[in-house]
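Here is the structure we will look at, set down as structure tokens.
In this note's numbering, the protein residues as written are 12 to 212.
And the structure:
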């Protein structure tokens with residue numbers, strides 16, 4: 012008989028076995044668009060984590076009240092509500108990050124990771140399981156974006172979280188803070204991540 016995964020396994024799968032970025036390649040639009048620095052990657056990751064967590068909570072609580080025919084539109088309305096909250100909070104309290112993330116904040120609404128977890132998991136499971144799933148997937152997404160942003164910032168700008176550790180006139184691989192560098196960095200990080208997790212498993 013197949014054993015049902017426990018809370019720990021459900022939490023870790025989003026970080027390791029089913030990492031949204033390095034394994035499942037979900038949410039590539041913000042992954043490639045905003046990760047020119049570790050700060051941007053962390054900011055987008057935390058914003059997405061909040062929306063994912065709150066959406067899973069609400070969908071899990073109201074799943075029996077939503078008619079099947081309007082299930083997906085209802086989920087999108089729930090997600091959009093929390094994205095609006097994130098956008099207003101960032102604009103009011105962290106304007107620098109708000110300007111950096113720009114159009115990618117409202118695009119969280121159509122992030123396939125969030126809608127996918129609402130449809131595939133939260134709508135079919137209880138509240139505690141949905142919270143654990145959201146935390147695992149959200150933390151996995153946040154870690155991946157932060158690592159990708161840090162890698163690009165270090166190689167392309169010689170700094171980390173805005174703190175420069177090489178001289179201003181030092182040569183850096185500026186390609187990595189440009190759009191093509193996002194693809195290159197992501198591909199190598201995905202290869203390294205999958206090889207490492209395969210050995211650990």
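Every residue gets a Cβ at the ideal spot worked out from N, C-alpha and C, and that includes glycine.
Q) If you draw a straight line from the C-alpha of residue 93 to the C-alpha of residue 173, how long is it? A) 29 angstroms
Q) From residue 71 to residue 138, what does the alpha carbon distance come to, in whole angstroms? A) 6 angstroms
**Q.** Straight-line gap, residue 203 to residue 197 (C-alpha atoms, nearest Å)
**A.** 10 angstroms
Q) Going by beta carbon distance, what residues of the same chain come within less than 8 angstroms of residue 97, once the five residues before and after it are set aside? A) 58, 61, 62, 116, 119
Q) Based on Cα-Cα distance, which residue from 88, 136, 111 lies nearest to residue 75? A) 136
**Q.** Sequence-distant residues of its chain with Cβ nearer than 8 angstroms to residue 109 (five each side left out)
**A.** 98, 101, 102, 116
Q) If you run the structure through DSSP and keep just helix, strand and coil, what is residue 13? A) Residue confidence is low: residue 13 scores 45 on pLDDT, short of 50, so the model does not pin down where it sits. No coordinate-derived value is stated.
Q | Candidates 83, 46, 131: closest to residue 144 by CA position | A | 131
Q.
Going by DSSP in three states, residue 189 sits in which element: helix, strand or coil?
A. coil
Q: Compare the beta carbon distance of residue 25 and residue 123 with 9 angstroms and say whether it is the shorter of the two.
A: no
Q | Simplified DSSP assignment, three categories, for residue 171 | A | strand
Q) Less than 8 angstroms between the CB of residue 27 and some heavy atom of the ligand GDP, yes or no? A) The ligand GDP is absent from the structure shown, which contains no ligands of any kind.
Q: Pick out the complete beta strand (DSSP E) segments inside the region 92 to 175, 3 residues or longer, and give them in chain order.
A: none
Q.
Quick check: the Cα distance between residue 1 and residue 209, rounded to an integer number of angstroms?
A. Since the displayed the chain opens at 12 and closes at 212, residue 1 lies outside it and no answer follows.
Q: Return the residue from the list 189, 170, 80 that minimises the CA-CA distance to residue 181.
A: 170
Q) Grouping DSSP H, G and I as helix and E and B as strand, with all else coil, what is residue 55? A) helix
Q: Tell me, to the nearest whole angstrom, how far the beta carbon of residue 30 is from that of residue 151; I am working on the premise that it is less than 8 angstroms.
A: 5 angstroms
Q. With a Cβ-Cβ cutoff of 9 angstroms, do residue 168 and residue 195 count as a contact?
A. no
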